[in-house]
Amino acid sequence: MTPAVFRQQIAQFTGLLAGKPLDRALDDWLNREHGVASGSYLALKASCEAGVRAGWLCDREGGGIRYGRIFKPADDLHGFSVDVVDMQDIAGPHHVHPKGEIDLVMPLEGDAHFDGRPAGWLVCPSGSAHRPTVSGGRALVLYLLPDGEIDFTR
């Protein structure tokens, strides 16, 4: 796995999301069609784990969280930016999603949940806000942000 191969994988996946509203229906569809038992979920999780092991994903650390924006928004990614974080029993900084956020929750240790959700997808609509929290273990979380927009609050 390389960043270039990962980008192609993400680009194929974001093609499925292009133009869809970030809402409960998308959350339901992602978990039904691309949930934890699906080939797409397993492939994305394996790629993220490989990228972390190789050192090109989650290559920064702050406040006990390993993180990194691997790709800025681009046409081939259908306008999404791609970030991956590695969190264990911790809450991250509060922020707002001006255009929404799509999260892929990938537990690594224990019964890790992200914002109370188990392995799978979480879609946050436009204007939503949270303090991203992993509890019950360790998880990787992949974030897809439309136009890369995120506003950290104080």
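All letters in the sequence shown, in the order written, are residues 1 to 154 by our numbering. Note that beta-carbon positions come from the ideal geometry of N, C-alpha and C, so glycine has one too.
| Query | Result |
| --- | --- |
| Beta-carbon proximity of residue 9 to residue 43, cut-off 9 Å | yes |
| Start-to-end residues for the beta strand (DSSP E) that takes in residue 24 | Segment 24-33 is the alpha helix (DSSP H) holding residue 24; no beta strand (DSSP E) there. |
| Residue 45 Cβ short of 8 Å to the ligand MN heavy atom set | You won't find the ligand MN in this model; it holds no ligand whatsoever. |
| CB of residue 170 within 9 Å of CB of residue 6, strictly | Lying before the first or after the last residue shown, residue 170 is absent from the chain, which here runs from 1 to 154. |
| Expected contact under 8 Å - CB spacing of residue 95 and residue 153 to nearest Å | 6 Å |
| Bounding residues of the beta strand (DSSP E) (the contiguous stretch that carries residue 146) | 133-146 |
| Contact the region 56-67 vs the region 103-114: 3+ CB pairs below 8 Å | no |
| Residue 16 classed as buried or exposed, judged by whether at least 16 other C-beta atoms fall within 10 angstroms | exposed |
| Residue burial classification, residue 101 (beta-carbon count within 10 angstroms, cutoff 16) | buried |
| Within the region 63-91, ranges of the beta strand (DSSP E) (whole runs, at least 3 residues) | 65-71 and 80-91 |
| Coil, strand or helix - residue 110 by DSSP | strand |
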